[in-house]
Amino acid sequence: MSSRTTNLMAAVLIIIFGMAVWFYAGTFPQLGNRQPGPALFPRIIAAFLTLAGLTLLIQGWREKGGGEGKGGGSKPSSPGLLRAGLIIALASLYPLLQDRLGFVPTVSVLSFMVASLLRARLWVAALTAIGGTIFINLIFTRFLGVPL
Amino acid sequence: MGILTWQGILALILGGLYGAVFGAIPGLTATLAVALFIPIAFFLDPVLALPAIISISSVAIFAGDVGSVVARIPGTPASAAYLEELHDLSRRKGPIYALGISAMGSAVGGVIGTIILIFSATGLAALAKNFSSFEYFWIAVLGLTAGVFASGGSPLKGFISLLIGLFFATVGIDPTLGYPRFDFGNINLLGGLNYIVAMIGLFGFSEVLEHLYSGSARRYSTAPRAHAASLGRFYLRPLLLILKNYWLVFRSALLGTFVGFLPGAGADIGAWVASSLQKMLALRGRPARAKASAVEDTEIDRVVLAGTSSNNAAVASAWIPALSLGLPGDTVTAIVLGVFLMKGITPGPLLFQNETGLVWALYSTFLLSSVVLLPVFGYFTARLAELVVRVPLNLLLSVIAALCVVGAFAINNNPFDVWVMVAMGVFAFLLKRGGFPLAQVVLGMVLGPIMEQNFVVSAIKSRWNAASFFNRPLAIVLMITTVILIVVGLRLRIGADAEVE
């Protein structure tokens, strides 16, 4: 994706977000005598966001052709999205799984999945995941006294 | 009992070791380290307990840079100011050299901060008393402005990141009416978004996602492995750099000290302004569109040096209002005041007359921490960091992912924080792909509440009279400094773009 397209897309999203914040903040109560209350700061931020989004939109519009974005000009990678999505799902499930499976198995699975999705040998990934998790657990609970 | 006894030295060493471990682990902070130390401090003589706290916080704040080097996760909002440069420096020249600059810069900054503390604690405290909500508002604006120009790329994108951070800071109870904002009925959001959790997601988890997305698992460090020369690379080369740039170090440490003694986020603002100033000078003459590599190779060292010397100078100066006025400069000094009261010591101007032994023990500890502990523990943590960055990246990232989840959970033992961390990671992944800087989001989250609170207090005090923000001498000085920063920052960028065209 070119940087021009990225900037245009980002600008549109920022403008929509800014306007959403502006209107949502309008539902907040006011101080007495029509003085601004809790909505003041969010609305100032929303106004600046919308203006900055518009500026980015104009800049993106004027940009000729456009270089490559941070994504390196590559198309969105489906396997990459799948790998990232899997880890996002696993990390999000951590609070639920930890209650049922316990700390070490849950974090070991997450750690193992990251290493194996990044093409580490399975036995090395398993060893690192289990060893690393036990080490983290020991440091937090025994040495630092932070409960997990 | 004095600090120069075997018990005193042992307290300093153990405190430093404890601080090093806490600072280096993502999610664990100097504040948490000190908070967990309270039960032990209760049983110790104050001449041992307080120096131990100093050594914990000094070393933990330096060790926060280890996270930047190894996992691209800054330990404190202040170290987020030079995160990209420090990580880049470590990749190019190795972690020993990168952490050497950080430790030596911190040590020199710490010494300068301590000297100022010794000679002007009461004078500076009197100055701090002149700071009202108007001045605090302007100093937060100054810090935010510095953040915009500290971004290597487009100032517009830096500004947008900052606004997003400021928006995150508005989540939770508002300071005027106590009305819950953007909580969507979720009680976990009433207290706002924790910026440490956000930092873990923004920097650590997004890094894991970035590599999973690209499928790349190259090692972080491309620098040659250090053997016998590592002492030279940790001590000698950074010290030579400091000698060559003595004015830069002095200026940054002064900035850290003078902004750092202000209660609130003084240390963070100091580090941001110092490294931003250096980045602006480094980016002079370089077009905004050619910022992919951000700061020049030789300038990276100087940006890190500026940020790190300011960062640790502020550690000492945060104690100024605590000792002289009994006002906490930050969370660590708030805990220290608790220890004072627990031991029956009353902080304030009389402390310097009634407890001279304790005061000099504190001064000596600050100096010892800077001159001995930081260089020694710094070297060992740097050697350890060098080993860690040699680990294949796929394995290192698997441990970083685990640390992100555990670190986010451990802060409040709240599962909701894990979801916030994951959401921040995904958001940061998208921001990075759009070329938006991340550190500015953290800066907005840290300074947003300070700016809003002081703005609202000032506005209510002055009955919403806008002119009141511009008619106090100190406020005017801060406002003019902010305007100068904006004008100079824009001129440097626009001038550079025009040259290229």
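Just so you know, the protein sequences line up as chains A and B, in that order.
First residue of the first sequence: 1, per our numbering; consecutive thereafter.
First residue of the second sequence: 149, per our numbering; consecutive thereafter.
Ideal Cβ placement from N, Cα and C applies to all residues, glycine included.
Asked: Does DSSP put Gly242 (chain B) in a helix, a strand or coil?; Found: coil
Asked: With distances taken Cα to Cα, identify the nearest neighbour of Pro95 (chain A) among B:Trp286, B:Tyr511, B:Phe564 and B:Phe315.; Found: B:Phe564
Asked: Run through the segment 497-533 of chain B for me and flag every whole beta strand (DSSP E) of 3 or more residues, listed as ranges in chain order.; Found: none
Asked: Any C-beta of chain A sitting closer than 8 Å to the C-beta of Ile308 (chain B)?; Found: yes
Asked: For Gly320 (chain B), which residues does DSSP report across the bridge?; Found: B:Arg329
Asked: So the candidates are B:Val536, B:Leu626 and B:Gly313; which of them puts its Cα closest to the Cα of Leu239 (chain B)?; Found: The sequence given here places Arg at residue 239 (chain B); Leu does not occur at that position. The option with the nearest alpha carbon to Arg239 (chain B) is B:Val536.
Asked: In terms of residue numbering, what span does the alpha helix (DSSP H) encompassing Pro225 (chain B) cover?; Found: Pro225 to Ala228
Asked: May I have the straight-line CA-CA distance separating Trp729 (chain B) from Thr141 (chain A), to the nearest angstrom?; Found: A question about residue 729 (chain B) goes unanswered here, because the residues of chain B that appear run from 149 up to 649.
Asked: Under 8 Å between C-beta atoms, does Phe23 (chain A) make it to chain B?; Found: no
Asked: Could one say the Cβ of Arg62 (chain A) lies closer than 8 Å to chain B's Cβ atoms, at least one of them?; Found: no
Asked: Taking only the alpha-carbon atoms, compute the straight-line gap between Ser400 (chain B) and Gly248 (chain B) and give it to the nearest angstrom.; Found: 17 Å
Asked: Check each candidate in B:Val568, B:Phe500, B:Ile608 and B:Arg531 and name the one with the smallest Cα separation from Gly271 (chain B).; Found: B:Phe500
Asked: Just the Cα atoms here: how many angstroms apart are Leu337 (chain B) and Leu86 (chain A)?; Found: 26 Å
Asked: Give the single residue among B:Leu498, B:Ala470 and B:Pro497 whose Cα lies nearest to the Cα of Leu485 (chain B).; Found: B:Ala470
Asked: Could you tell me whether the Cβ atoms of Leu350 (chain B) and Leu591 (chain B) are closer together than 8 Å?; Found: no
Asked: Measure from the C-beta of Ile130 (chain A) to each C-beta in chain B and report whether the shortest distance is under 8 Å.; Found: no
Asked: Could you check whether the Cβ of Trp420 (chain B) sits closer than 8 Å to any Cβ belonging to chain A?; Found: no
Asked: Output needed for Gly313 (chain B): all residues of its chain with C-beta closer than 7 Å, excluding positions within five of it in sequence on either side, in chain order.; Found: Gln588, Val589, Val590, Leu591, Gly592, Met593 and Gly596
Asked: If you compare alpha carbons, which of B:Leu265, B:Val218, B:Gly223 and B:Ile188 is closest to Ser512 (chain B)?; Found: B:Leu265
Asked: Measure the Cβ-Cβ separation of Val539 (chain B) and Ser205 (chain B) and say whether it is below 8 Å.; Found: no
Asked: Please list the residues of the segment 327-340 of chain B that have a C-beta atom closer than 7 Å to any C-beta atom in chain A, keeping them in chain order.; Found: Tyr327 and Arg329
Asked: Beta carbons nearer than 7 Å to chain B: which residues of the segment 10-40 of chain A have them?; Found: Ala10, Ile14, Val21, Phe28, Pro29, Leu31, Gln35, Gly37 and Pro38
Asked: Out of curiosity, what's the CA-to-CA distance linking Val107 (chain A) and Ala172 (chain B)?; Found: 20 Å
Asked: In angstroms with no decimal places, state the Cα-to-Cα distance between Trp567 (chain B) and Lys392 (chain B).; Found: 46 Å
Asked: State buried or exposed for Lys427 (chain B), treating a residue as buried only when at least 16 other CB atoms are found within 10 Å of its CB.; Found: buried
Asked: Quick one: grab the DSSP three-state call for Ala39 (chain A).; Found: coil
Asked: Taking 8 Å as the cut-off, decide whether the C-beta atoms of Val487 (chain B) and Ala189 (chain B) are in contact.; Found: yes
Asked: Going by alpha carbons, who is nearest to Gln30 (chain A) out of A:Thr6, A:Arg62, A:Val104 and A:Ala39?; Found: A:Ala39
Asked: What are the residues of the segment 585-606 of chain B that lie near chain A, defined by any Cβ-Cβ distance shorter than 7 Å?; Found: Glu600
Asked: For the 8 Å Cβ check, are there 3 or more pairs between the segment 214-231 of chain B and the segment 447-455 of chain B?; Found: yes
Asked: Looking at Leu49 (chain A) and Ile308 (chain B), is the spacing between their C-beta atoms short of 8 Å?; Found: yes
Asked: Leaving out five residues before and five after Thr481 (chain B) in sequence, what residues of the same chain have Cβ atoms less than 7 Å from its Cβ?; Found: Ala466, Trp467 and Ala470
Asked: Any idea if Asn334 (chain B) is buried or exposed, counting beta-carbon neighbours within 10 angstroms, 16 or more meaning buried?; Found: exposed
Asked: Give the residues from the segment 501-517 of chain B that approach chain A closer than 7 Å (Cβ to any Cβ), ordered along the chain.; Found: none
Asked: For the segment 192-220 of chain B, enumerate the residues whose C-beta is nearer than 9 Å to any C-beta of chain A, in chain order.; Found: none
Asked: Locate the alpha helix (DSSP H) running through Ile87 (chain A), then write down its first and last residues.; Found: Ser78 to Leu101
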